[in-house]
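First up is the structure itself, then whatever we jot down about it.
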Amino acid sequence: FLLVTCIDECLMVLYMCNHTFGSLVQLTLNFIFQPKTVILPPSSG
(Lines of atoms letter the chains of each structure in order from A; the text may use other names.)
(Lines give C-alpha, C1' and ligand atoms only; values in the text may rest on other atoms or scores of the structure.)
Protein backbone atom coordinates (compact mmCIF):
# COMPACT_ATOMS: atom_id res chain seq x y z
CA PHE A 6 0.00 0.00 0.00
CA LEU A 7 2.88 2.34 0.85
CA LEU A 8 4.49 1.94 -2.57
CA VAL A 9 1.23 2.66 -4.38
CA THR A 10 0.71 5.82 -2.31
CA CYS A 11 4.27 6.95 -3.04
CA ILE A 12 3.84 6.41 -6.79
CA ASP A 13 0.48 8.16 -6.69
CA GLU A 14 1.99 11.17 -4.92
CA CYS A 15 4.93 11.22 -7.33
CA LEU A 16 2.53 11.22 -10.29
CA MET A 17 0.52 13.98 -8.65
CA VAL A 18 3.64 16.11 -8.17
CA LEU A 19 4.78 15.42 -11.73
CA TYR A 20 1.35 16.39 -13.04
CA MET A 21 1.40 19.64 -11.04
CA CYS A 22 4.94 20.45 -12.19
CA ASN A 23 4.06 19.65 -15.80
CA HIS A 24 0.95 21.83 -15.59
CA THR A 25 2.87 24.73 -14.06
CA PHE A 26 5.71 24.30 -16.57
CA GLY A 27 3.23 24.29 -19.46
CA SER A 28 1.63 27.49 -18.20
CA LEU A 29 5.06 29.11 -17.84
CA VAL A 30 6.01 28.08 -21.38
CA GLN A 31 2.75 29.48 -22.73
CA LEU A 32 3.27 32.77 -20.87
CA THR A 33 6.88 32.95 -22.08
CA LEU A 34 5.86 32.32 -25.68
CA ASN A 35 3.14 34.97 -25.40
CA PHE A 36 5.70 37.37 -23.90
CA ILE A 37 8.24 36.61 -26.65
CA PHE A 38 5.92 36.86 -29.64
CA GLN A 39 3.58 39.64 -28.47
CA PRO A 40 6.15 42.41 -27.80
CA LYS A 41 7.81 41.83 -31.19
CA THR A 42 4.57 42.57 -33.03
CA VAL A 43 4.02 45.59 -30.75
CA ILE A 44 7.60 46.91 -30.82
CA LEU A 45 8.44 46.38 -34.50
CA PRO A 46 5.82 48.72 -36.08
CA PRO A 47 6.77 51.84 -34.04
CA SER A 48 10.51 51.38 -34.73
CA SER A 49 9.89 51.02 -38.49
CA GLY A 50 7.28 53.77 -38.59
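Taking the numbering used here, the leading residue of the sequence shown gets 6, the next gets one more, and so forth. Where a beta carbon is used, it is the ideal one built from N, C-alpha and C, also for glycine.
Rounded to whole angstroms, D13 and F26 show a C-alpha spacing of 20 angstroms. Each residue's CA atom was taken as its position, placing L34 and S28 some 10 angstroms apart. Put simply, the backbone Cα of Q31 is about 24 angstroms away from that of C15.
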